[in-house]
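Remarks on the structure that follows.
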Amino acid sequence: MSDVLLAFLFTLFAGLATGVGSLLAFFAKTTNTKFLSFALGLSAGVMIYVSMIEIFFKAKDSLTVALGETEGYWITVVGFFAGMLLIGLIDKFIPKYSNPHEVKKVEDMEKPHSPVKDPALMKMGLFTALALAIHNFPEGIATFISTLQDPSIGFAIAVAVAIHNIPEGIAVSVPIYYATNDKKKAFKYSFLSGLAEPIGALVAFLILMPFLTDVMFGIIFAMVAGIMVFISLDELLPAAKKYDEAHLSIYGVMSGMAIMALSLILLS
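The UniProt record's numbering numbers the first residue of the sequence shown as 1 and each following residue consecutively.
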């Protein structure tokens, strides 16, 4: 299987996890908050470790070879913080009430419904779906480019993104279902919001691939590292701590880092 096809499959897998979250909201009776806290912590651990230990230094190596030690290192650092700034700006312009990282629980689906549709809730659900799609777009580029460089890193990022897309799928489906009493419509919008992930990969393939020199790759990879760290610190860890019990979230972080470290050693 070619690396390009594998990269598309990884991004598709990560994006469609929003649909899994939507299905969980329909068929599970309660939210397993212990599992949610541990899983989000694990996702953050994977992202932080692979970004700081692997992706950042691969970007630095690529840029220093092309531009020299000093200039290459500077551009790596600038690219890292530019990635953080990019995802931070995306967050800033998303209304708080429609932020897909505001964790919603399965129990919210159980509230009695009115036969009258609620336009405000429908609007919230649609804005959440749009916000999630905007978030997933750079994550799709990150997964795609990472897989092309190193499939083991790409797979790790895809799994981490998929884990945190599950509660985001719930965040989309809950208000839409509550507004319409229509499970199919809630699932459809949740599913479609996840497709921004492979669309990001397609944009990377069509626009970035022809220009993917060592310098371009190094800059993108440095930005990917910044994006992953920002998502972990600003979104995943606070969400994990929200339902934390007995330090489960930090155990999840440690487990994610350990799994990532071991897999990088075994696959090197």
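Ideal Cβ positions, reconstructed from N, Cα and C, are used throughout, including at glycine.
None of the values given here were measured: they were computed from a predicted structure.
Item	Value
Consult DSSP for Glu54 and reduce its assignment to one of helix, strand or coil.	helix
Comparing alpha-carbon positions, which option in Met260, Val253, Leu264 lies nearest Phe40?	According to the sequence shown, residue 40 is Leu rather than Phe. Comparing Cα positions, the closest option is Val253.
Can you find at least 3 beta carbon pairs, one from the segment 4 to 24 and one from the segment 186 to 203, that sit closer than 8 Å?	yes
Below 8 Å, how does it come out for the segment 225 to 241 and the segment 39 to 59: are there three or more Cβ pairs, yes or no?	yes
Would you mind working out which of Phe57, Asp244, Ile145 sits nearest Phe35, comparing C-alpha positions?	Asp244
Is the beta carbon of Asp3 sitting closer than 9 Å to the one on Leu208?	no
Could you give the residue range of the alpha helix (DSSP H) that holds Leu237?	237 to 242
Quick check on Asn165: does DSSP put it in helix, strand or coil?	helix
Looking at the structure shown, is Val190 part of a helix, part of a strand, or coil, going by DSSP?	Reading the sequence as shown, one finds Ser at residue 190 and not Val. Correct three-state label for Ser190: helix.
Grab me the residues of Gly256's own chain with a C-beta within less than 6 Å of its C-beta, minus the 5 sequence neighbours each way, in chain order.	Leu42, Gly45, Val46
Which ranges does the alpha helix (DSSP H) cover as unbroken runs of at least 4 residues, wholly within the segment 7 to 92, from first to last along the chain?	17 to 27, 33 to 49, 56 to 67, 69 to 92
Cα separation between residue 283 and Leu126?	As displayed, the chain neither begins before 1 nor continues past 268, which places residue 283 out of reach and without an answer.
Can you tell me whether Thr143 is helix, strand or coil according to DSSP?	helix
Measure the alpha-carbon distance for Ala17 versus Val159 and round it to whole angstroms.	10 Å
Tell me the DSSP secondary structure of Ser255 in three-state form.	helix
Since I believe Gly68 is in contact with Ala222 (beta carbons under 8 Å), could you give me their beta-carbon distance rounded to a whole number of angstroms?	That pair is no contact at about 16 Å.
Considering Cα atoms alone, identify which of Thr70, Phe93, Ser37, Phe155 is closest to Lys241.	Ser37
Would you mind working out which of Gly72, Ser190, Val161 sits nearest Leu23, comparing C-alpha positions?	Ser190
Helix or strand or just coil, what does DSSP make of Ser263?	helix
What's the C-alpha gap between Phe155 and Asn136?	16 Å
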